[in-house]
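Novice: For reference, the structure I am asking about is given below.
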Amino acid sequence: GENVEQHPSTLSVQEGDSAVIKCTYSDSASNYFPWYKQELGKRPQLIIDIRSNVGEKKDQRIAVTLNKTAKHFSLHITETQPEDSAVYFCASCNSGNTPLVFGKGTRLSVI
Amino acid sequence: EAQVTQNPRYLITVTGKKLTVTCSQNMNHEYMSWYRQDPGLGLRQIYYSMNVEVTDKGDVPEGYKVSRKEKRNFPLILESPSPNQTSLYFCASRTASSNQPQHFGDGTRLSIL
Numbered sequence: 006g007e008n009v010e011q012h013p014s015t016l017s018v019q020e021g022d023s024a025v026i027k028c029t030y031s032d033s034a035s036n037y038f039p040w041y042k043q044e045l046g047k048r049p050q051l052i053i054d055i056r057s058n059v060g061e062k063k064d065q066r067i068a069v070t071l072n073k074t075a076k077h078f079s080l081h082i083t084e085t086q087p088e089d090s091a092v093y094f095c096a097s098c099n100s101g102n103t104p105l106v107f108g109k110g111t112r113l114s115v116i
Numbered sequence: 034e035a036q037v038t039q040n041p042r043y044l045i046t047v048t049g050k051k052l053t054v055t056c057s058q059n060m061n062h063e064y065m066s067w068y069r070q071d072p073g074l075g076l077r078q079i080y081y082s083m084n085v086e087v088t089d090k091g092d093v094p095e096g097y098k099v100s101r102k103e104k105r106n107f108p109l110i111l112e113s114p115s116p117n118q119t120s121l122y123f124c125a126s127r128t129a130s131s132n133q134p135q136h137f138g139d140g141t142r143l144s145i146l
């Protein structure tokens, strides 16, 4: 089955700097890659997703890139702000009605 | 408002006392799922359901049961809870298409003494 590895597990950045979180996946048939943000004590919420027919997607300060050949995708947050502090999860699945598989999460602290 | 509703939000109980955590969604989603979240382990899937009367085991199904008698409801049942089931639980739903966003409930924090 699918396996998703996420790095780093913790990340501290200065306010205004950029943050990058990376994930690799094992199933070459995977074609949907969402990112979730979970603030302390709250539910995970989708912040951006990408499908395998595109290589990059941006939404204001957030961007996701996908390299299908290398089977990895990354979340980029620019001009970080204190409210970006949270745990971020990557995930992947394919179109065969398989469950979403999550990475173990990255705790981002903007200081 | 589109939402996934879990109840209760918090529960402290004792070993062996059967409990049920309810989950309901109002988006007419076919797919529903239960996860547990533990520090350092991320979100691990317990059970999922592709549609009414169709359920499948996730990665950590031991000690749990589910049912899907109606499309909107997907209760999680702990027949004989044990302390190692102390965790934060999330229910989630999405449409039948696996490449669509999954919506999470607000979570249920269970403490089994």
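These protein sequences, in sequence, are chains A and B.
Under this note's numbering, the first residue of the first sequence is numbered 6, with each subsequent residue one higher.
Under this note's numbering, the first residue of the second sequence is numbered 34, with each subsequent residue one higher.
Even glycine gets a Cβ: it sits at the ideal position worked out from N, Cα and C.
#1: Go through its chain and collect everything with a Cβ distance to Ile52(A)'s Cβ below 7 Å, but skip five positions before and after it.
#2: Can you name the residues of chain B whose CB is closer than 7 Å to the CB of Leu51(A)?
#3: Buried or exposed for Asp22(A), please, with buried defined as at least 16 other CB atoms from any protein chain shown within 10 angstroms of its CB.
#4: Under the rule that 16 or more other beta-carbon atoms within 10 Å means buried, what is Met65(B), buried or exposed?
#5: Quick one: what's Glu10(A) bridged to in DSSP?
#6: Could you name the residues of chain B that Arg56(A) contacts, counting a contact when the two beta carbons are closer than 9 Å?
#7: Considering only residues of the stretch 73–131 of chain B, which uninterrupted alpha helix (DSSP H) runs meet the minimum length of 4 residues and lie entirely inside it, listed in chain order?
#8: Of the choices Leu44(B), Gly49(B), Val87(B), whose alpha-carbon is the least far from that of Tyr122(B)?
#9: If you compare alpha carbons, which of Leu80(A), Leu113(A), Glu61(A), Val92(A) is closest to Gly46(A)?
#10: What's the call for Gln118(B), buried or exposed, on a 16-neighbour Cβ count within 10 Å?
#11: Going along the chain, which unbroken runs of the beta strand (DSSP E) with 3 or more residues stay wholly within the stretch 46–91 of chain A?
#12: Who are Thr141(B)'s beta bridge partners in DSSP?
#13: Using the beta-carbon of each residue, which ones in chain D are nearer than 9 Å to Gly21(A)?
#14: Taking 8 Å as the threshold, find out whether the stretch 103–111 of chain B comes into contact with the stretch 50–62 of chain B through three or more Cβ pairs.
#15: Can you give me the start and stop residues for the beta strand (DSSP E) that Lys109(A) sits inside?
#16: So, helix, strand or coil for Leu150(A), using DSSP?
#17: Among residues of its own chain, excluding the 5 on either side of His12(A), which ones have a beta-carbon nearer than 8 Å to its beta-carbon?
#18: With DSSP collapsed to three states, give me the class of Ile45(B).
#19: By how many angstroms is the C-alpha of Ser82(B) removed from the C-alpha of Val99(B)?
#20: Can you give the beta carbon distance from Cys95(A) to Ser131(B), rounded, assuming they're within the 8 Å contact cut?
#21: Below 8 Å on the Cβ atoms is my guess for Lys63(A) versus Ser33(A); work out the distance and round it to an integer in Å.
#22: Give a yes or no on whether the C-beta atoms belonging to Ser90(A) and Ser114(A) are separated by under 7 Å.
#23: In the DSSP assignment, find the beta strand (DSSP E) that holds Asp71(B) and state where it starts and stops.
Specialist: This is what the structure gives:
#1: Trp40, Tyr41, Lys42, Ile67
#2: Pro134
#3: exposed
#4: Using a 10 angstroms sphere on the CB of Met65(B), the tally of other CB atoms reaches 16 or more, which defines it as buried.
#5: Thr29(A)
#6: By Cβ distance, chain B contributes Asn132.
#7: none
#8: Leu44(B)
#9: Val92(A)
#10: buried
#11: 50–56, 61–64, 67–72, 77–82
#12: Tyr122(B)
#13: Within the model displayed, chain D is absent; protein chains A and B are what it includes.
#14: yes
#15: No beta strand (DSSP E) contains Lys109(A), which DSSP labels as neither H nor E.
#16: Outside the modelled stretch of chain A, which goes from 6 to 116, sits residue 150(A), for which no answer is possible.
#17: Ile26, Lys27, Cys28, Thr111
#18: strand
#19: Cα-Cα distance, rounded: 9 Å.
#20: Not confirmed; about 16 Å, so no contact.
#21: Lys63(A) to Ser33(A), Cβ: 25 Å. No contact.
#22: yes
#23: 64–71
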